[in-house]
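Engineer: In our numbering, the protein residues as written are 13 to 1038. Got a structure here, written out as structure tokens. Questions coming.
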């Protein structure tokens, strides 16, 4: 160490109460609470020693000296020896061994006379000895004290550096100041290069916000003085230190991206699933789901957007002709641009810019660049684009680019550049511009034009219907022509307006109940308004789900007629109707008058006809007519006349009649069904007559589609064929996909194997998986797919399988996650005969899948509603979660009994001491409700994991737990105290850091809830001991 020049004389002042060299009162041994090093006597205490120059005093560092001799600290070595005073080197060595690091750091940080260069040098040299290997094995409070001291020392170094950076401007002192600044920056760099130190400072920042504000101010001050350094190495070194400090608040958010992959089947499958099954869904849950996948799989933004577009084009190409094709077109050209608009507002993790003051996000411009980059990649997939253009008979890419530009996702210059490139590519594909396709209007163009038309129709429907019913009828008639209705419904569904659309038609349907002062001129108009609105609502319910029709009325309000009929009388997938239900048995006098009218009149009367009452009475009337026919009272000719009357004026009566007949046929024996099926056939056959009402042909097309949907199950069961009027398209796509006479487990295995070989899920496979989930149940479906995953032995296959399984589980993520975490994993982890199945790579893949499912379910289960397809599925709890995981902590749960069966000391695990309340977790401090099944399953799973980590025996199940926790850390964002890790007992942290791969400061920060004081103390204690 450089000596002070003659004239600098430091004084060491021992306070009179110093007991140096004697046992400290009240403490004869260091105990567990000290972080003193091991070799020197621990009964020595540190007296307060103040350094002072003659005539001045300044707080300094606490040093250790024997009581005698007020002599200079840096006296000649021989005089030091004579006086029995240790050398400076020995002083520093003894200091580190006998005094806590936090005490030394706090003492150093109190010295603020930076003009004393040699004093500063000495303090920096003292810091040199231990700042890169700090530790504390004491109590949690002492570890928190070390965090605070380290942040104070950081602030002191920044102030010191700022002082010398300012002095560099003085030409007389420039050289000396640069030397001092270099020393400061070297210590700063040494301190900050340690992840452990940054983690401790991170804890201190959360513990003392005001102290971190002081660090920020010192940073700003240092930054102001750096300009004087020019482009020197010192400036570069200082910038590096500043960047490291600024990264401390976000040290857990810095994530590396996947750069070795170009396709991401999970994104592909999630988009395909949404486009195929949930066009009407809100965009927000899809956006959150996609962002979750992006974060978990670390997908770069351009490739993420590219995968979304690829999935859209694949969906367009493979969609069945007709309604499904229009749905996919609307999804691609209307809904996905809206999804990207919302994605643009999300912080893109890979686009973090550390500007002043901290972590300013610049997502707007960068996301537009990502979208442009994604389109550039998409242009290279010429075969995919050509196939889509051929299917849609237009330049899909250009239409998409224009739509993205309208939404502010692309600049005009980028749009024009991309359009020019695609146009040039299309010149090499002459088959895309054949003459035979010239007159066919492309669906994308029609969908884009239909979207504003929907808005106009909604405005028209808001008008008073009584003022101009004929004008309204003209609008509705235009909607029925060709595929206009399906175009408008698809556009409304993709833009979130379908529910409003349906409400308007329910209001119109209710309006037709008004029959006061009706004459022969207005009666046909009212009949047609009732019929068209009824048919449209049936079509919407069958195509997009009955939840699009249902309103959220208050209990006191009257339920509209169509809602009542749909809920009680309309056959739907998964809904079994009772033909003897009271809803099919209205007032007998109305039934008798309707039977008489149908049997005796040549045609239905229109004036003063209550159509909603006729539709409710037709089921009972059909029963009477059917009985009369079967008993020989009516002939087949009479039946023909009656069915012609039913379908002759309004098609809705035929729909209501067939709805009851379908329920009736299900209850009959094989030899009793003939007449009922014959009547269905009669009602489904259009009436060729000149005496029909307006738009009859258009209404018949919709009626036929409705009846075909209603009868599909019954016709399949009875092996009956009924020819419905052809609409030129597949009315029921994805129907009857399961191969006959093949066990469903074989179907599941074969479809999953094919999907795994291809590397992506197609629409048809999604529907098969959905059908199998419905047929086999949640446990059967999940268990068999997990078995398929555990059969894989190649790493790349297991990773691909996880990505695909996660997407397949999106069919019903909540229930499948409960099954996976609450049943399948505990069984695998507690049954030693199954531990061999958890070896790497399948075991590691299952851990990854479990974490992904847990994170997704926990993120969405409190916010999002069940989708249409999940509501349709019959909910059958796989097991009572309250009995599986009882609320009474003193009652041994089924899981605890499972655990105890494989432990040597079963009492330890099954006793109340191992219950949830005794293993304190952040979720209990956050008062998370344990009555929620998912919360209970997660809490018990972490309890199981904790018991495995603390068990005496280790195996592949222990390795599985390690993989599970590593994946949790990989997938979580910083500060996510509301994540699944809040269910982890605090005691698990000390167990986890014993595992070599988990003994990292970042991992400790990630797995503890730093928003809680207890969480910060647990983290500080674990990190300080590393």
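Glycine included, every Cβ here is placed at the ideal spot set by N, Cα and C.
(1) In the segment 150-225, which residue ranges form an unbroken alpha helix (DSSP H) of at least 4 residues, counting only runs that do not cross its ends?
(2) What runs of the alpha helix (DSSP H), each 4 residues or longer, lie entirely inside the segment 934-994?
(3) Only counting the same chain, and skipping five residues up and downstream in sequence, which positions put a Cβ closer than 8 Å to that of residue 801?
(4) Of the residues 982, 984, 1033, 418, which one's Cα is nearest the Cα of residue 1000?
(5) Just verifying my parser: in three-state terms, what is the DSSP assignment at residue 471?
(6) Is it buried or exposed, residue 1029, if we count other Cβ atoms within 10 angstroms and call 16 or more buried?
(7) Measuring straight from C-alpha to C-alpha, what distance separates residue 599 and residue 695?
(8) Could you give the first and the last residue of the continuous alpha helix (DSSP H) run that contains residue 795?
(9) Does the beta-carbon distance from residue 287 to residue 340 come in below 9 Å?
(10) Give the DSSP-derived three-state secondary structure of residue 997 in the structure shown.
(11) Report all residues from its chain with a CB closer than 6 Å to the CB of residue 216; omit the five preceding and five following residues, and keep chain order.
(12) Which residue wins for smallest C-alpha separation from residue 778, given the options 284, 708, 154?
(13) Could you check the C-alpha separation between residue 948 and residue 865 for me, to the nearest Å?
(14) Which of the three DSSP states is assigned to residue 584 in this structure?
(15) With distance defined between alpha-carbon atoms, name the residue in 311, 776, 830 nearest to residue 795.
(16) Can you confirm whether the segment 376-389 touches the segment 539-552 when touching is taken to mean that 3 or more C-beta pairs between the two stretches lie within less than 8 Å?
(17) Using alpha carbons as the reference points, say which of 517, 544, 527, 589 lies closest to residue 560.
(18) Look at the alpha carbon of residue 237 and the alpha carbon of residue 177, and state the distance between them as a whole number of angstroms.
(19) So what's residue 394 in DSSP terms, helix, strand or just coil?
(20) If you count every other CB in all the chains shown that lies within 10 Å of the CB of residue 337, and 16 or more means buried, which is it?
(21) Could you name the residues of the same chain whose beta carbon sits closer than 6 Å to that of residue 881, not counting the 5 residues immediately before and after it, in chain order?
(22) Short of 8 Å in beta carbon distance, which residues of its chain neighbour residue 472, apart from the five on each side in sequence? Order them along the chain.
(23) Residue range of the alpha helix (DSSP H) that residue 345 falls in?
(24) State the DSSP-derived secondary structure class of residue 601, mapped to helix, strand or coil.
(25) With a floor of 4 residues, list each alpha helix (DSSP H) that falls wholly inside the segment 827-883, ordered by position along the chain.
(26) Looking at the secondary structure, which residues open and close the alpha helix (DSSP H) in which residue 636 lies?
(27) Near residue 591, which residues of its chain fall below 7 Å by C-beta distance, leaving aside the five closest residues on each side in sequence?
(28) Skipping 5 residues on each side, what residues in its chain have a beta carbon closer than 6 Å to that of residue 1026?
(29) If we ignore side chains and look at the alpha-carbon of each, how far apart do residue 324 and residue 823 end up?
(30) Taking 8 Å as the line, does the beta carbon of residue 711 fall inside it for any heavy atom of the ligand ADP?
(31) How far does the alpha helix (DSSP H) with residue 813 in it extend, from its first residue to its last?
(32) Between residue 509 and the rest of its own chain, which residues show a CB-CB distance below 6 Å, the 5 nearest in sequence each way excluded?
(33) Roughly how many angstroms separate the alpha carbons of residue 611 and residue 655, rounded to a whole number?
(34) Exposed or buried, what is residue 520 when buried is set at 16 or more other beta-carbons lying within 10 Å of its beta-carbon?
Structural biologist: Based on what the coordinates show:
(1) 152-179, 186-204, 207-219
(2) Counting only runs of 4 or more, we get 934-937, 945-961, 968-983.
(3) 810, 813, 814, 817, 854, 857, 858, 861
(4) Cα-wise, what sits closest to residue 1000 is 1033.
(5) helix
(6) buried
(7) 24 Å
(8) 790-803
(9) yes
(10) strand
(11) 159, 160, 163
(12) 284
(13) About 15 Å.
(14) Residue 584 sits in a strand when the DSSP states are folded into three classes.
(15) Taking each of 311, 776, 830 in turn and checking the Cα distance to residue 795, the smallest one comes out for 830.
(16) no
(17) 517
(18) Rounded to the nearest whole angstrom, the CA to CA distance from residue 237 to residue 177 is 6 Å.
(19) helix
(20) buried
(21) Confidence in residue 881 is poor, its pLDDT being 47 and thus under 50, which makes the residue's placement unreliable; the coordinate value appears in the next sentence. Excluding positions up to five away in sequence, the list reads 289.
(22) 484, 487
(23) It is not in any alpha helix (DSSP H) - residue 345 carries neither H nor E in the DSSP assignment.
(24) helix
(25) 837-842, 854-872
(26) 623-642
(27) 672, 675, 676, 679
(28) none
(29) For residue 324 and residue 823, the distance between alpha carbons rounds to 18 Å.
(30) Only the bare structure without any ligand can be found here, which leaves the ligand ADP out of the picture.
(31) 807-821
(32) 466
(33) When rounded, the distance between both Cα atoms is 9 Å.
(34) buried
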